Amino acid sequence: MIMDGAKTPSTAANLVLLGPPGAGKGTQARMLEDAFGLVQLSTGDLLRAAVTAGTEAGLQAKAVMEAGDLVSDEIVIAILRDRLAEPDCANGVILDGFPRTTVQAEALDGLMADLGAGIRAAISLEVDDAAMVTRISGRFTCAGCGEGYHDTFKAPAVEGVCDKCGGTEMTRRADDNAETVESRLRAYHAQTAPLIDYYDARGVLARVDAMAEIDAVAQELNKIVRQAVV
Ligand code: ADP
Ligand code: ADP
Ligand code: ZN
Numbered sequence: 048m049i050m051d052g053a054k055t056p057s058t059a060a061n062l063v064l065l066g067p068p069g070a071g072k073g074t075q076a077r078m079l080e081d082a083f084g085l086v087q088l089s090t091g092d093l094l095r096a097a098v099t100a101g102t103e104a105g106l107q108a109k110a111v112m113e114a115g116d117l118v119s120d121e122i123v124i125a126i127l128r129d130r131l132a133e134p135d136c137a138n139g140v141i142l143d144g145f146p147r148t149t150v151q152a153e154a155l156d157g158l159m160a161d162l163g164a165g166i167r168a169a170i171s172l173e174v175d176d177a178a179m180v181t182r183i184s185g186r187f188t189c190a191g192c193g194e195g196y197h198d199t200f201k202a203p204a205v206e207g208v209c210d211k212c213g214g215t216e217m218t219r220r221a222d223d224n225a226e227t228v229e230s231r232l233r234a235y236h237a238q239t240a241p242l243i244d245y246y247d248a249r250g251v252l253a254r255v256d257a258m259a260e261i262d263a264v265a266q267e268l269n270k271i272v273r274q275a276v277v
């Protein structure tokens, strides 16, 4: 018999990474996955997979993403809801690139409540707008395993060869160019930055200086996450 309304509280440690495009959310989320056994959920990756697969959502999202605007809340929330329902998310997730609007943050609170869980920490990666163009225009990714790299700041040990999986196919995103950066930053400041106050008001906000080097940022995050997951 299904007991209506009786939820077992979840012990899952769910985290949110906030920050503008190129702040280092994906890079840090992958390191946290390895360190804490959490699952990275990137709505950008989920949307790009939908575009490649040619799903209805992907068809609608493609032009919006290429222009550097935000995909509709409806599409993104539906994609996230489906992914969050998969069994590997039960121990906790690191949300990378979601929520990006207040509507999404409220929807996330609802999804978490349905799971008997909550957001333990929302970590804001703080960077100067001026750094974004350099970070984004030098970004590339291993097609085999998804490891992220940078021409200057995180080059593979052997040029063209992935440190993690040995793969040699590297991809660059269609939207990672100087033209879209401006609209992406505008969308961030107008729609996503208010979420810093949203999570601050709920007492779960932590701020990290993400202008520091990748390993220094990782150390700061490790401290915060260690406290949040206990
Ligand atoms: P986001 O997921 O926030 O858009 P990424 O993690 O993809 O950002 O990082 C953007 C680019 O900047 C990548 O090429 C990455 O290797 C590089 N990067 C990430 N963190 C740093 C850092 N602290 N300093 C310098 N470069 C970084
Ligand atoms: P970045 O961190 O570099 O901005 P993402 O991979 O997170 O890149 O997002 C790429 C694009 O996908 C965004 O510019 C936007 O068009 C779309 N997108 C990703 N996540 C969301 C979201 N939560 N809400 C709306 N659009 C999103
Ligand atoms: Zn790889």
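Be aware that the sequence shown starts at 48, since it is given in this note's numbering, and climbs by one per residue.
Ideal placement from N, C-alpha and C gives every residue a C-beta, glycine not left out.
Please read all numbers here as calculations on a predicted model, not as lab measurements.
For residue i, three-class secondary structure by DSSP
i: Met-258; result: coil
i: Ser-119; result: coil
i: Glu-206; result: coil
i: Lys-211; result: coil
i: Val-277; result: coil
i: Val-272; result: helix
i: Arg-231; result: helix
i: Arg-249; result: coil
i: Thr-239; result: helix
i: Arg-167; result: strand
i: Leu-127; result: helix
i: Ala-265; result: helix
i: Asp-143; result: strand
i: Cys-149; result: Checking the sequence, you will find Thr at residue 149 rather than Cys. Looking at Thr-149 - three-state DSSP - the assignment turns out to be helix.
Residue i Cβ short of 7 Å to ligand 3 heavy atom set
i: Glu-80; result: no
i: Gly-191; result: yes
i: Glu-194; result: yes
i: Gly-214; result: yes
Supposed close pair residue i, residue j - CB separation, criterion 8 Å
i: Leu-88; j: Asp-143; result: 7 Å
i: Arg-167; j: Ala-60; result: 5 Å
i: Ala-104; j: Ile-124; result: With 8 Å as the limit, Ala-104 and Ile-124 do not qualify as a contact, their Cβ atoms being about 11 Å apart.
i: Thr-227; j: Ala-114; result: 7 Å
i: Leu-268; j: Val-276; result: Rounded, the Cβ-Cβ distance is 12 Å, inconsistent with contact.
Spatial distance of residue i from residue j (CA atoms)
i: Gln-75; j: Gly-165; result: 21 Å
i: Asp-175; j: Met-258; result: 7 Å
i: Gly-278; j: Ala-132; result: Since the first residue shown for the chain is 48 and the last is 277, residue 278 is missing from the structure and cannot be characterised.
i: Val-150; j: Asp-120; result: 7 Å
i: Asp-81; j: Val-111; result: 32 Å
i: Thr-199; j: Ala-97; result: 30 Å
i: Tyr-246; j: Ala-253; result: 9 Å
i: Ile-141; j: Leu-62; result: 5 Å
i: Ile-126; j: Asp-116; result: 17 Å
i: Gly-52; j: Thr-148; result: Only weak support is given to the placement of Gly-52: the predicted model assigns it a pLDDT of 47, under 50, and the question is left unresolved by the model.
i: Pro-203; j: Gly-185; result: 13 Å
i: Gly-139; j: Glu-229; result: 33 Å
i: Ile-243; j: Asp-210; result: 34 Å
i: Phe-187; j: Arg-128; result: 28 Å
i: Ile-261; j: Gly-71; result: 8 Å
i: Leu-85; j: Ile-170; result: 15 Å
i: Ala-190; j: Thr-218; result: 6 Å
i: Thr-24; j: Leu-64; result: Not covered by the structure: residue 24. The range shown for the chain is 48 to 277.
i: Leu-94; j: Gly-101; result: 10 Å
i: Gly-91; j: Ala-237; result: 19 Å
i: Gly-213; j: Glu-206; result: 11 Å
i: Glu-216; j: Tyr-196; result: 12 Å
i: Ala-234; j: Gly-73; result: 18 Å
Near ligand 1: residue i beta-carbon under 7 Å from a heavy atom
i: His-197; result: yes
i: Thr-149; result: no
i: Lys-211; result: no
i: Arg-219; result: no
i: Arg-182; result: yes
i: Glu-260; result: yes
i: Gly-71; result: yes
i: Ala-100; result: no
Any non-hydrogen atom of ligand 2 within 7 Å of residue i CB
i: Gly-144; result: yes
i: Pro-68; result: yes
i: Leu-242; result: no
i: Gly-105; result: no
i: Val-123; result: yes
i: Arg-130; result: no
- prompt: In chain order, which alpha helix (DSSP H) runs of at least 4 residues are fully inside the stretch 57-102?
  reply: List check, alpha helix (DSSP H) in window: 72-83 and 90-100.
| said: Quick check for students: name the residue ranges of the alpha helix (DSSP H) that lie wholly in the stretch 172-200, counting only runs of 4 or more. | reply: List check, alpha helix (DSSP H) in window: 176-184.
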